[in-house]
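Residue numbers (numbering that gives the first Met the number 0), protein chains in the order written: chain A, 0 to 353; chain B, 0 to 353. For glycine and all other residues, C-beta sits at the position ideal for the given N, C-alpha and C. Source: prediction; values computed, not measured.
2 protein chains.
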Amino acid sequence: MTMSYLLQELRVMVLKSDLEKVSIAIMGVGNVGRNFLSLLSRNQKGIRRKTGKEIVVSFASDSNGIYSVRSGMSTETLLKAKEEGKLREAGKKVEMEDVLGESPDIIVDMTPATPDGLSGMGMYVDAFKHGIDVVTANKSPLAMHWSEVMNSARINGRKIRYEATVAGGTPLFNLIDYSLMPVEIVRVRGIVSMTVNFVLDRMLHNLDFEQSIRMAQREGIAETNFHDDTLGIDSARKTVIISNSIFGSNISLNDIEFDGVENLSDHLDEMKRSGDRYRIVSDVYRKGSEILASSKLQSMEPLDPLVSLGTTSLCYLLETTDGSKYFVGNIRDGPLETASAVLNDVMLISRERA
Amino acid sequence: MTMSYLLQELRVMVLKSDLEKVSIAIMGVGNVGRNFLSLLSRNQKGIRRKTGKEIVVSFASDSNGIYSVRSGMSTETLLKAKEEGKLREAGKKVEMEDVLGESPDIIVDMTPATPDGLSGMGMYVDAFKHGIDVVTANKSPLAMHWSEVMNSARINGRKIRYEATVAGGTPLFNLIDYSLMPVEIVRVRGIVSMTVNFVLDRMLHNLDFEQSIRMAQREGIAETNFHDDTLGIDSARKTVIISNSIFGSNISLNDIEFDGVENLSDHLDEMKRSGDRYRIVSDVYRKGSEILASSKLQSMEPLDPLVSLGTTSLCYLLETTDGSKYFVGNIRDGPLETASAVLNDVMLISRERA
Chain A
0 MTMSYLLQEL RVMVLKSDLE KVSIAIMGVG NVGRNFLSLL SRNQKGIRRK
50 TGKEIVVSFA SDSNGIYSVR SGMSTETLLK AKEEGKLREA GKKVEMEDVL
100 GESPDIIVDM TPATPDGLSG MGMYVDAFKH GIDVVTANKS PLAMHWSEVM
150 NSARINGRKI RYEATVAGGT PLFNLIDYSL MPVEIVRVRG IVSMTVNFVL
200 DRMLHNLDFE QSIRMAQREG IAETNFHDDT LGIDSARKTV IISNSIFGSN
250 ISLNDIEFDG VENLSDHLDE MKRSGDRYRI VSDVYRKGSE ILASSKLQSM
300 EPLDPLVSLG TTSLCYLLET TDGSKYFVGN IRDGPLETAS AVLNDVMLIS
350 RERA
Chain B
0 MTMSYLLQEL RVMVLKSDLE KVSIAIMGVG NVGRNFLSLL SRNQKGIRRK
50 TGKEIVVSFA SDSNGIYSVR SGMSTETLLK AKEEGKLREA GKKVEMEDVL
100 GESPDIIVDM TPATPDGLSG MGMYVDAFKH GIDVVTANKS PLAMHWSEVM
150 NSARINGRKI RYEATVAGGT PLFNLIDYSL MPVEIVRVRG IVSMTVNFVL
200 DRMLHNLDFE QSIRMAQREG IAETNFHDDT LGIDSARKTV IISNSIFGSN
250 ISLNDIEFDG VENLSDHLDE MKRSGDRYRI VSDVYRKGSE ILASSKLQSM
300 EPLDPLVSLG TTSLCYLLET TDGSKYFVGN IRDGPLETAS AVLNDVMLIS
350 RERA
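This is the structure we're talking about:
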């Protein structure tokens, strides 16, 4: 052991002890959650440099329960436990009230969407009351209870970020909040859900619905329970969040018109004959004092940027009051990109947390 | 005058007095500068809400000199003075040392690029020493003296942001710093200069060089002095900044290969016959431990996203170590979009300034 090695080790220890820790509770470690843990463990150095904080997982949950992660357990070990189906080995099983009582800095919600979004909304409101910030990839609470969630955050002086709820890992809300602050947006048009558009595209290429969905599942695009996607509900939820977040509306899933691809029947033949490309497009725009929001089946112009990046992309076009048009896309969106968006939100909040 | 009116006025006064002011010195009020002043005056409310600060112009300069803006003069009045060619009416004429002596919070550099970038570099270093942060749209100091500028900022604990130096108003550096923190970028390919690509496209459509440049000038794309653009220097400077900022290299304009469009001669006929689309593409990537950077004439694949948004767009593709590909473009870039990127940088620094 050389002197320079010892000095280096000492430097690392001093650096570590200096670092303020940000503790997070990860609710719902599934496919996106595994990618999140992997990114977290591979990026410790970059996270320290960019946020000045060390992010520590203090709770992790999956469908079997919530576990209090043993102090000192590395993210790698936690990830390995999850991959072997033994998240329970992370530590003691606890209840949600134990999590709230210990007040981690951030609750990260990666649980699946529920029809009414009530349990998520309840969790966020409880978190805010306990001084906890929230990062979420779960659309339901925001698509069903926008104003309750946002009012509770405001009253309690807490933050919520939700980049991963819309268009997977494609930056949208963070782009607006940090890169396009001076612009006023008048329209957002986007392809924000992959499964429904992938299946639609396959059906227009002569697969039937069942074949298309099986292909999407083989490619890792569609989930086992795909009906939220193929009925257009997932895309509609995202449209609601775009409308409320960017245009200041206060609507919920029940307020907008949306299409899916499960019941196209006769219309499908007509669409095929046309030779056009079709997509489920989220479209939100200001018209006078009104905000119009929909998630409908549309025939696309051949040169529309929204079809320029292929069928595994997610993308959107922002139009401003001054006529500027910004286009952003992610060419092959998947769980890794979504997890990256979640981690970016956690880093933004960590950096800004006093 | 009603009671409610008085109360409202009182509320506004209290709000105003509570706001911390951020003072800026705008160096080089030209076309982009006018758009910046216009955005600043139209956005006062949004700026206050998003940054918690009030941005006040304390100095403004153009080719006639630097003027100390009279206390209380509104941004509208300043803009009007500039538009009437009377920026001198803003206030007393001063020297650069007076600006430094009074130490505004931020110097905003919108002066034109110079061949050696020395004066800009000197200004930034002086600014940092006086506790002043810098926002710049001027490429030269960063393309010629990257490490001097960055070291000086670091040593003096100051900030420099430079979103508008590359790809006009298309978010790039801010996207990476605030929306893509967890990713590691291995390649950036982009169309980051409009004039050179617009002229090239016109020449491939059978205009000669002079006709093409005149058309670009009529459309407000090319400047009077266009040679930096058409010789490929502007695009090369941007490529250098991408390489240094994103890949941690320390190169200058003299270190990279670049093409322009002034001397295509025989090659042009060949290009026309091919029927292909050509662009000057900035390409920077990591290969082992090396960083390769160039700004060269390339034949484009028909489905390359870089040609999907048309000839008045600026855009780029980011590839990460994990294989993700993010595409970002601005469909019709111009001075307004560039000014918006400058103001966004000013807002980011203002928000984070204690």
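C-alpha gap between F208(B) and D265(B), whole angstroms = On the second sequence, residue 208(B) is found 209 positions in, with the first residue counted as 1. On the second sequence, residue 265(B) is found 266 positions in, with the first residue counted as 1. Cα to Cα, the separation comes out at about 13 Å.
* Asked: Between V280(B) and chain A, is there a C-beta pair that is closer than 8 Å?
  -> As a working mapping, residue 280(B) is identified with position 281 in the second sequence. False, the Cβ-Cβ gap to chain A never drops below 8 Å.
Residues within the stretch 38 to 59 of chain A neighbouring chain B, beta-carbon criterion of under 7 Å
Hits within the stretch, in order: L38, N42 and K49.
Is the beta carbon of D108(A) less than 8 Å from the beta carbon of G90(A)?
Your numbering for residue 108(A) matches position 109 in the first sequence. Your numbering for residue 90(A) matches position 91 in the first sequence. For D108(A) and G90(A), no; Cβs fall outside 8 Å.
Let me know the alpha helix (DSSP H) ranges lying completely inside the stretch 118 to 172 of chain B, each 4 residues or longer, listed in chain order.
Scanning the stretch 118 to 172 of chain B from its first residue to its last, the whole alpha helix (DSSP H) runs of 4-plus residues come out as 139 to 143 and 145 to 154.
Checklist entry - Are the beta-carbon atoms belonging to T311(B) and V260(B) less than 8 Å from one another? => result Stepping through the second sequence from its first residue, residue 311(B) is reached at position 312. Stepping through the second sequence from its first residue, residue 260(B) is reached at position 261. No.
Checklist entry - Can you name the residues of chain A whose CB is closer than 8 Å to the CB of L347(B)? => result Locating residue 347(B) in the second sequence gives position 348, where the first residue counts as 1. Y177 and M180, listed in chain order.
In whole angstroms, give me the CA-to-CA distance for S234(A) and V165(A). Here residue 234(A) refers to the residue found at position 235 of the first sequence. Here residue 165(A) refers to the residue found at position 166 of the first sequence. Each residue's alpha carbon lies about 8 Å from the other.
- prompt: What residues in its chain sit with their C-beta under 8 Å from that of D115(B), if we drop five residues either side in the sequence?
  reply: Within the second sequence, numbered from 1, the residue matching residue 115(B) stands at position 116. These residues qualify, in order along the chain: S139 and M143.
Quiz item: By the criterion of Cβ-Cβ separation under 8 Å, what are the contact partners of R331(B) in chain A?
Solution: Position 332 of the second sequence, counted from the first residue, corresponds to residue 331(B). The contacting residues are G322, S323 and K324.
Looking only at its chain, what residues have a beta carbon closer than 6 Å to the beta carbon of D282(B), apart from the 5 residues adjacent to it on each side?
Within the second sequence, the letter at position 283 stands for residue 282(B). Closer than 6 Å at the Cβ level, and outside the excluded window around D282(B), lie R188 and S293.
field: Any chain E beta carbon closer than 8 Å to P301(B)
entry: Given the protein chain composition of this structure (A and B), no chain E is represented.
Measure the C-alpha to C-alpha separation of Y284(A) and I290(A) and round it to an integer number of angstroms. Taking the first residue of the first sequence as 1, we reach residue 284(A) at position 285. Taking the first residue of the first sequence as 1, we reach residue 290(A) at position 291. In a straight line, the C-alpha of Y284(A) is about 6 Å away from that of I290(A).
Could you check if I131(A) is buried or exposed, using at least 16 other CB atoms within 10 Å of its CB as the buried criterion? On the first sequence, position 132 is the one that residue 131(A) refers to. Burial is judged here by how many other beta carbons sit within 10 angstroms of a residue's own beta carbon; I131(A) has at least 16 and is buried.
Item checked: E336(B): contacting residues in chain A (beta-carbon distance under 8 Å) -> Mapped onto the second sequence, residue 336(B) falls at position 337. Result: S323.
- Output the residue ranges of the alpha helix (DSSP H) runs that lie fully inside the stretch 283 to 352 of chain B and measure 4 residues or longer, sorted by chain position. 334 to 351
Does the stretch 63 to 78 of chain A touch the stretch 24 to 43 of chain A, meaning 3 or more C-beta pairs lie closer than 8 Å?
As far as the Cβ criterion goes, the stretch 24 to 43 of chain A touches the stretch 63 to 78 of chain A, which means the pair count is three or higher.
query = Closer than 8 Å, CB to CB, is G219(B) near chain A or not?
reply = Position 220 of the second sequence, counted from the first residue, corresponds to residue 219(B). Cβ-Cβ to chain A under 8 Å: no for G219(B).
**OP:** Quick one: using the 10 Å Cβ neighbour count with 16 as the cut-off for buried, is M193(A) buried or exposed?
**Re:** Indexing the first sequence from 1 puts residue 193(A) at position 194. Burial of M193(A) is indicated by the presence of at least 16 other C-beta atoms within 10 angstroms of its C-beta.
Requested in this report: Whole angstroms is fine: what's the gap from L308(B)'s alpha carbon to I65(A)'s?
Outcome: For this step, residue 308(B) is matched to residue 309 along the second sequence. For this step, residue 65(A) is matched to residue 66 along the first sequence. Spanning the two alpha carbons is a distance of roughly 47 Å.
Which residues in the same chain as G219(B) place their Cβ atom closer than 7 Å to its Cβ, once the five residues preceding and following it in sequence are excluded? By 1-based counting over the second sequence, the position of residue 219(B) is 220. Cβ neighbours of G219(B) beyond the five flanking positions: G333.
Considering S273(B), what are the terminal residues of the alpha helix (DSSP H) in which it resides? Taking the second sequence and counting its residues from 1, the one referred to as residue 273(B) is at position 274. Unbroken alpha helix (DSSP H) run through S273(B): S264 to S273.
Review point. Just by C-beta distance, which residues in the stretch 139 to 155 of chain B are closer than 7 Å to chain A?
Key: none
Note to self: Does any residue of chain B have a CB that is nearer than 8 Å to the CB of A353(A)?
What the structure shows: The count along the first sequence starts at 1 and reaches residue 353(A) at position 354. For A353(A), the answer is no, since every Cβ of chain B falls outside 8 Å of its Cβ.
Notebook entry, point to check: the stretch 307 to 321 of chain B: which residues have C-beta closer than 9 Å to a C-beta of chain A, in chain order?
Noted result: S307, L308, G309, S312, C314, L316, T319 and D321
Could you compute how far the alpha carbon of N196(A) sits from the alpha carbon of Q216(A)? Within the first sequence, residue 196(A) is the residue found at index 197, counting from 1. Within the first sequence, residue 216(A) is the residue found at index 217, counting from 1. Computed Cα separation, rounded: 13 Å.
Please return the same chain residues whose Cβ sits closer than 6 Å to the Cβ of S22(A), not counting the five positions on each side in sequence. On the first sequence, residue 22(A) is found 23 positions in, with the first residue counted as 1. Counting only Cβ-Cβ distances below 6 Å, and skipping sequence neighbours, we find V55, S57, P103 and D104.
- Query: CB-CB under 7 Å to M0(B), same chain, minus the five flanking residues each way: which ones, in chain order?
  - Reply: Numbered from its first residue, the second sequence carries residue 0(B) at position 1. Any answer about M0(B) is weak, because its pLDDT of 48 lies below 50 and its placement is not dependable; what the coordinates show is given next. Contacts found: none.
Please list, in chain order, the chain A residues whose beta carbon lies closer than 7 Å to that of G21(B). Locating residue 21(B) in the second sequence gives position 22, where the first residue counts as 1. Reading off the sequence shown, one finds Val at residue 21(B), where the question assumed Gly. The premise fails here: V21(B) is roughly 14 Å from chain A at the closest Cβ pair, so nothing lies under 7 Å.
- prompt: Helix, strand or coil for M0(A) per DSSP?
  reply: One-based indexing of the first sequence puts residue 0(A) at position 1. Per-residue confidence for M0(A) stands at a pLDDT of 48, beneath the threshold of 50, marking its modelled position as unreliable; no derived number is given.
>> Residues of chain A with CB closer than 7 Å to the CB of S339(B), please, in chain order.
In response: Stepping through the second sequence from its first residue, residue 339(B) is reached at position 340. Chain A residues near S339(B): P181 and V182.
* Closest by CA to R278(A), which one among R201(A), F225(A) and L206(A)? -> The residue given as residue 278(A) occupies position 279 in the first sequence. Ranking R201(A), F225(A) and L206(A) by CA distance to the CA of R278(A) puts R201(A) first.
>> For G167(B), would you say it is in contact with chain A, using Cβ-to-Cβ distances shorter than 8 Å as the test?
In response: Stepping through the second sequence from its first residue, residue 167(B) is reached at position 168. Chain A, which has no Cβ nearer than 8 Å to the Cβ of G167(B), makes this no.
ask   = For R272(B), which of H204(B), I25(B), L296(B) and I330(B) has the nearest alpha-carbon?
value = Locating residue 272(B) in the second sequence gives position 273, where the first residue counts as 1. R272(B) has its Cα closest to that of H204(B), out of H204(B), I25(B), L296(B) and I330(B).
Tell me the residue span of the beta strand (DSSP E) that contains M26(B).
Within the second sequence, the letter at position 27 stands for residue 26(B). Where M26(B) is concerned, the enclosing beta strand (DSSP E) stretches over E19 to M26.
Could you work out which residue in K49(B), N137(B), D321(B) and S70(B) is closest to K237(B) when comparing CA atoms only? What you label residue 237(B) is simply residue 238 of the second sequence in a count that begins at 1. Answer by Cα proximity: N137(B).
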